[in-house]
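Numbered by the numbering used here, the letters in the sequence shown go through residues 1 to 242 in order. Below you'll find the structure, written out as structure tokens, and then a few comments.
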Amino acid sequence: MSAPFSAADLDAFARDGFLKLPAIVPREVADAARAVLWQQIGLSPDDPSSWTQTVVWTADPAGFGPFGQMIGSPRLAAGLDQIAGEGRWGRRTTLGNIPVRFPNLPDAGDTGWHIDLNAAPDWSKIAVRSRSLLLLTLFSEVGPDDAPTRIRAGSQRDVAALLGDDEVDLMAYGPRLEEVSRHRPLAHATGEPGDVYICHPLLVHAAQTHQGTRPRFMSQLPITLDPHFDPAEDTPLGAALR
């Protein structure tokens, strides 16, 4: 599999803390996965009257069928190799948790700015040292009105400066993440079924309410890194904090 990212793309990851990788699988594979998710949540794409909850959570528990094709995508693996270094990340067998966000319903109270934990082994603290990457995978069309994840481009640098060299308590520092990154330009995780976003673990991002017409299906998954990963290595992931 050829490398999907150009040198300019990798420079953009180092600057912004995220990259979009289009079409890790053909669209029909992602469409098939979405059809399975509809069955799992017990709702119908043809019956909007049943869409009464802002967010319904489901998951890819086993990595079968289209889900396995997506998480096992050679194109995805090649992109992760380029960002973190070949052999420096752990392969996953499922796509993890999947929040399904429905349109034109009240805020679920989950739209605050945050990072998806760059956690210590006991999950009690966060640290600058990279232990994971965040993978956002789209199963549906996501346009500007379809609750795309909001991203503060470059905010991984603000979080790193805030945290310093020590592991710190997440609850104490959580509210400050929004403050220190407020000046950053806003980007949105829009795209087509089968697109993914590869994000730095310290990237500040947030959900938002859905103003469109069709539910948004997106998984969020930590990709663990080699415990011996050295942020000083010459990789885009290391450069994102330099």
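Every residue gets a Cβ at the ideal spot worked out from N, C-alpha and C, and that includes glycine. Just so you know, these numbers come straight off a predicted model, no measurement behind them.
Review point. Could you give the uninterrupted runs of the beta strand (DSSP E) lying entirely in the segment 41-88, keeping only those of 3 residues or more?
Key: 55-60
Check: Using a Cβ-Cβ cut-off of 7 Å (strictly less than) and excluding sequence neighbours within five positions of R15, which residues of its own chain qualify?
Finding: G154
**Message:** So, at 6 Å on beta carbons, what are the nonlocal neighbours of L221 in its own chain, with the 5 sequence-adjacent residues on each side left out?
**Reply:** L95, G96, L135
**Q.** Touch test, the segment 72-82 against the segment 42-49, Cβ-Cβ under 8 Å, three pairs minimum
**A.** no
query: Contact between the segment 184-201 and the segment 23-38: three or more CB pairs below 8 Å?
result: yes
Query - Collapsed DSSP secondary structure at A23 in the structure displayed - result: coil
Item to complete: Check whether the Cβ atoms of T224 and G85 sit closer than 7 Å, and answer yes or no.
Response: no
Exercise. Candidates I198, P106, V56: which alpha carbon is nearest H210's?
Worked result: P106
- Query: Roughly how far, in whole angstroms, is the beta-carbon of R176 from the beta-carbon of L186, given that I think they are within contact range, below 8 Å?
  - Reply: The pair is not a contact, with the Cβ atoms about 19 Å apart (cut-off 8 Å).
>> If the criterion is Cβ atoms closer than 7 Å, does the pair Q208 and A147 meet it?
In response: yes
Assuming M218 contacts L138 (C-beta within less than 8 Å), just tell me the rounded distance between them. 5 Å
Integer Cβ distance of V55 from P99, believed to fall under 8 Å:
5 Å
- Per DSSP, S219 is paired with what? T137
In three-state terms, what does DSSP make of S155? helix
Given a cut-off of 7 Å, decide if Q53 and F5 are closer than it, judged by their beta-carbon atoms. no
Is A206 helix, strand or coil when you go by DSSP?
strand
Near T93, which residues of its chain fall below 6 Å by C-beta distance, leaving aside the five closest residues on each side in sequence? G63
Taking the Cβ atom as the reference point for each residue, do R152 and S181 lie within a distance shorter than 7 Å?
yes
Next on the checklist: So, at 8 Å on beta carbons, what are the nonlocal neighbours of P26 in its own chain, with the 5 sequence-adjacent residues on each side left out?
Outcome noted: G194
- Query: R101 and R216: beta carbons closer than 7 Å?
  - Reply: yes
Return the Cβ separation of L19 and A12 in integer angstroms, given the expectation that the two are a contact with Cβ distance under 8 Å. 6 Å
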